[in-house]
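Heads up, the thing below is written out as structure tokens.
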Amino acid sequence: MAIGVRRIGGEKSWFCHLHHFLSTSTENAASSISDIEGEFKSLCSTGRIKEAFNAYNAEIWTDQHLFSYLIQSLIPKKSLFIAKQLHSLVITSGYYFKDKFVRNHLLNMYIKMGEIHEAIAFFNAMPMRNIMSHNILINGHVQHGDLESAINVFDEMPERNVATWNAMISGLVHFEFNENGLFLFREMHGLGFLPDEFTLGSVLRGCAGLRASYAGKQVHAYVLKYGYEFNLVVGSSLAHMYMKSSSLGEGERVIKVMPMRNVVAWNTLIAGNAQNGHSEGVLDLYNMMKMSGLRPDKITLVSVISSCAELATLFQGQQIHAEAIKAGANSAVAVLSSLISMYSKCGCLEDSMKALSDCEHLDAVLWSSMIAAYGFHGRGEEAVHLFEQMEQEEAMIRSMPLEADVVIWKTLLSACKIHRNADMATRTAEEILRLNPQDSATYVLLSNIHASAKRWKDVSKVRTTMRDRNVKKEPGLSWLEVKNRIFQFSMVGPHGAKNALGKCCKKMFNMNHKDVIDYILVSQIKSPSNCITFNLIDEEVEGLMDTAPAGCRARNRGYSGVGA
DNA sequence: GTAGGGTTAG
Numbered sequence: 001m002a003i004g005v006r007r008i009g010g011e012k013s014w015f016c017h018l019h020h021f022l023s024t025s026t027e028n029a030a031s032s033i034s035d036i037e038g039e040f041k042s043l044c045s046t047g048r049i050k051e052a053f054n055a056y057n058a059e060i061w062t063d064q065h066l067f068s069y070l071i072q073s074l075i076p077k078k079s080l081f082i083a084k085q086l087h088s089l090v091i092t093s094g095y096y097f098k099d100k101f102v103r104n105h106l107l108n109m110y111i112k113m114g115e116i117h118e119a120i121a122f123f124n125a126m127p128m129r130n131i132m133s134h135n136i137l138i139n140g141h142v143q144h145g146d147l148e149s150a151i152n153v154f155d156e157m158p159e160r161n162v163a164t165w166n167a168m169i170s171g172l173v174h175f176e177f178n179e180n181g182l183f184l185f186r187e188m189h190g191l192g193f194l195p196d197e198f199t200l201g202s203v204l205r206g207c208a209g210l211r212a213s214y215a216g217k218q219v220h221a222y223v224l225k226y227g228y229e230f231n232l233v234v235g236s237s238l239a240h241m242y243m244k245s246s247s248l249g250e251g252e253r254v255i256k257v258m259p260m261r262n263v264v265a266w267n268t269l270i271a272g273n274a275q276n277g278h279s280e281g282v283l284d285l286y287n288m289m290k291m292s293g294l295r296p297d298k299i300t301l302v303s304v305i306s307s308c309a310e311l312a313t314l315f316q317g318q319q320i321h322a323e324a325i326k327a328g329a330n331s332a333v334a335v336l337s338s339l340i341s342m343y344s345k346c347g348c349l350e351d352s353m354k355a356l357s358d359c360e361h362l363d364a365v366l367w368s369s370m371i372a373a374y375g376f377h378g379r380g381e382e383a384v385h386l387f388e389q390m391e392q393e394e395a396m397i398r399s400m401p402l403e404a405d406v407v408i409w410k411t412l413l414s415a416c417k418i419h420r421n422a423d424m425a426t427r428t429a430e431e432i433l434r435l436n437p438q439d440s441a442t443y444v445l446l447s448n449i450h451a452s453a454k455r456w457k458d459v460s461k462v463r464t465t466m467r468d469r470n471v472k473k474e475p476g477l478s479w480l481e482v483k484n485r486i487f488q489f490s491m492v493g494p495h496g497a498k499n500a501l502g503k504c505c506k507k508m509f510n511m512n513h514k515d516v517i518d519y520i521l522v523s524q525i526k527s528p529s530n531c532i533t534f535n536l537i538d539e540e541v542e543g544l545m546d547t548a549p550a551g552c553r554a555r556n557r558g559y560s561g562v563g564a
């Protein structure tokens with residue numbers, strides 16, 4: 001590694017002044033060592049490095065702690081040039097050979113600055129390494145996305161501590177090698193290492209990734225045994241594990257017994273409800289969170305916007321959009337892509353397009369959201385055009401997650417339906433079902449395509465496969481939004497009209513439109529927060545939509561999934 | 001007392 005104390009290039013170096021003080025400063029400060037350290041630390045941590053350096057240029061040479069603070073303060077500056085100058089000063093001071101803290105701080109500095117090659121060279125040249133040095137390097141490799149190198153360091157270590165195991169487990173789980181992470185946890189525990197809050201957080205994330213509630217329950221036992229149930233991070237990851245494994249109630253219980261909640265705990269609760277089909281409760285939770293004095297972050301907003309999309313509550317979606325603008329979170333890609341989906345599902349494709357145009361940096365999920373929005377509105381050609389545009393970006397295709405592939409295939413299936421191409425539809429549907437065998441919308445769409453081509457044998461084959469695989473079709477739903485309330489209608493088919501509810505609605509349908517609305521307002525059949533559900537047959541929904549008064553928004557979402 | 005790790009989302 002090339003290290004020089006002299007000035008390099010045209011950049012001005014304030015370290016150069018050091019040599020002057022090295023030979024001239026003999027003054028002894030009146031304040032105690034701990035006072036100096038405190039002041040120096042505070043200057044460094046607030047980024048006032050020059051000030052710290054100028055005020056304590058003499059003390060730096062007699063107190064190795066000050067070098068450590070100085071090294072840490074350089075991390076956010078992200079300047080390899082200045083980092084190397086400080087590195088050379090550390091060598092000049094003699095602390096590089098004398099002090100293991102200073103050495104590890106330097107290693108950590110290169111890693112945190114993203115300079116993995118400098119870090120590796122530094123590690124290889126280190127005169128002495130301890131467990132900490134190895135742990136820092138493992139984390140560096142993981143941060144750089146190089147799990148193999150991380151594993152090599154881990155395997156070759158002469159001695160390990162809990163943090164070593166934590167670094168390796170969290171690295172594996174981070175890259176979704178969840179099973180390997182859990183195996184490592186078992187090995188670690190077998191060797192007598194006790195899990196700490198860091199271990200438990202990673203292991204629970206691994207269980208969540210595997211939807212492994214049985215393993216998760218065992219980890220829950222460890223959480224209770226070692227007394228981490230009220231730890232905010234452990235509690236949130238434990239609740240998340242349950243909620244990902246479809247045990248919403250168990251997850252809620254974990255959060256509810258916690259004496260304190262932070263934004264992450266609230267987000268876990270809100271996202272858990274949103275993802276388990278409890279969108280109605282999400283807005284209530286969101287309001288409770290704000291009432292407790294916490295500000296929503298982009299993760300909160302994403303979950304709440306998705307719930308508005310699920311319920312097609314346009315007005316509330318717009319309110320949250322306004323809050324996102326106020327919070328300055330409206331340029332975050334995650335928030336924008338959920339806004340695109342929300343506006344699309346609420347029937348406002350133009351607003352989806354507007355949200356897309358607000359975005360400065362496009363990523364794969366964002367493109368997919370807009371492609372799906374076009375597909376959702378039956379605008380297959382625009383969807384394909386956007387897909388072609390996206391194809392231009394090489395990097396974009398490579399970074400595409402699995403979900404995006406499904407979206408693209410489903411968009412193509414939608415186009416097959418419009419163009420009545422049954423053969424291509426069959427091949428496309430096979431591709432989708434290979435990726436997601438439980439996708440009910442694809443079965444329904446494929447069955448309809450076969451039906452319109454009068455291929456009855458194929459229709460029956462699709463239906464049989466659906467039954468065999470126990471695929472549940474989501475009901476088609478329509479909405480009527482009146483004064484910030486949502487009236488939701490599910491189509492139950494000709495037989496459903498015979499039930500009492502159907503009769504009741506039929507009666508309602510024969511009223512004039514003012515009476516219809518009044519009737520709806522007083523007859524809450526199902527009343528989660530602001531949503532009322534009626535079961536109607538298709539014609540009645542159409543008829544009811546026609547009676548909607550001016551200024552009231554009526555939308556028909558059609559069958560859930562692709563197409564319209 | 002000067003060094004390293006964990007959780008939530010589109």
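Numbering-wise (full-length UniProt numbering), the first sequence opens with residue 1 and increments by one.
Even for Gly, the Cβ is constructed at its ideal location relative to N, Cα and C.
Treat the numbers as computed from the prediction; the structure is a model and nothing was measured.
Alpha helix (DSSP H) segment containing residue i, residue limits
i           : result
THR313      : Premise fails: THR313 is in no alpha helix (DSSP H) and is neither H nor E.
PHE81       : 80-93
LYS457      : 456-468
LYS217      : 213-225
LEU182      : 178-190
GLY171      : 162-174
ARG203      : A small correction: the amino acid at residue 203 is Val; Arg does not occupy that position in the sequence shown. That run of the alpha helix (DSSP H) goes 197-210.
SER440      : 440-452
SER338      : 333-345
GLY140      : 131-143
ALA121      : 116-125
ALA52       : 49-55
ILE151      : 147-156
ARG420      : That residue, ARG420, is in no alpha helix (DSSP H); it is neither H nor E in DSSP.
SER67       : It should be pointed out that residue 67 corresponds to Phe in this sequence rather than to Ser. It spans 64-74 - the alpha helix (DSSP H) in which PHE67 sits, taken as one unbroken run.
residue 638 : For residue 638 there is no data in the structure shown, the boundaries of the chain being 1 and 564.
ASN108      : 100-112
Anticipated Cβ contact below 8 Å, residue i with residue j, distance rounded
i      : j      : result
VAL223 : GLY201 : At roughly 10 Å, the Cβ-Cβ gap does not stay under 8 Å, so VAL223 and GLY201 are not in contact.
GLY145 : VAL173 : At roughly 14 Å, the Cβ-Cβ gap does not stay under 8 Å, so GLY145 and VAL173 are not in contact.
THR300 : ILE270 : 6 Å
ILE371 : LYS417 : With 8 Å as the limit, ILE371 and LYS417 do not qualify as a contact, their Cβ atoms being about 16 Å apart.
LEU339 : ILE305 : 6 Å
LEU182 : VAL162 : Actually they do not touch by this definition, with Cβ atoms about 17 Å apart.
SER341 : ALA373 : 7 Å
LEU86  : LEU70  : 6 Å
GLY317 : CYS346 : 6 Å
ILE75  : MET113 : 6 Å
GLU229 : TYR242 : So it is not a contact: roughly 13 Å between Cβ atoms.
ALA453 : ALA422 : 4 Å
HIS377 : SER344 : 7 Å
Cβ-based neighbour list, residue i, same chain, cut-off 6 Å, excluding 5 preceding and 5 following
i      : result
ASN276 : LEU248
HIS240 : ALA208 and THR268
ILE49  : SER73
CYS245 : Per the sequence presented here, residue 245 reads as Ser, with Cys not at that position. Correct list, in chain order: ARG211 and SER213.
LEU43  : GLU51 and ALA52
TRP266 : MET289
ASN135 : ALA163, THR164 and ALA167
ASN262 : LEU232
THR411 : ILE371, GLY375 and ALA383
Contact set for residue i: own chain, Cβ-Cβ below 7 Å, skip 5 residues either direction
i      : result
LEU116 : Contrary to the premise, residue 116 reads as Ile rather than Leu in this sequence. Result list for ILE116: GLY140 and HIS144, in chain order.
ASP99  : GLN64
ARG379 : none
SER149 : HIS141
Other residues of its chain near residue i: CB distance less than 8 Å, five sequence neighbours each side excluded
i      : result
PHE123 : LEU107, ARG129, SER133 and LEU137
GLN438 : ARG469 and VAL471
LEU147 : HIS141, GLY171, LEU172, PHE175 and PHE177
Those runs of the alpha helix (DSSP H) which lie wholly inside the UniProt repeat "PPR" (363-397) and span at least 4 residues
The qualifying runs are 364-376 and 380-391.
field: alpha helix (DSSP H) segments (min. 4 residues) lying fully within the stretch 214-295
entry: The stretch 214-295 contains these whole alpha helix (DSSP H) runs: 232-244, 248-256, 263-275 and 279-291.
- Task: Pair every Cβ in the stretch 296-304 with every Cβ in the stretch 317-333, then say whether three or more of these pairs are closer than 8 Å.
- Result: The stretch 296-304 and the stretch 317-333 touch, with no fewer than 3 CB-CB distances between them shorter than 8 Å.
If you pair each beta-carbon of the stretch 306-315 with each one of the stretch 278-285, do three or more pairs fall below 8 Å?
Contact annotation: the stretch 306-315 touches the stretch 278-285, with at least three C-beta pairs closer than 8 Å.
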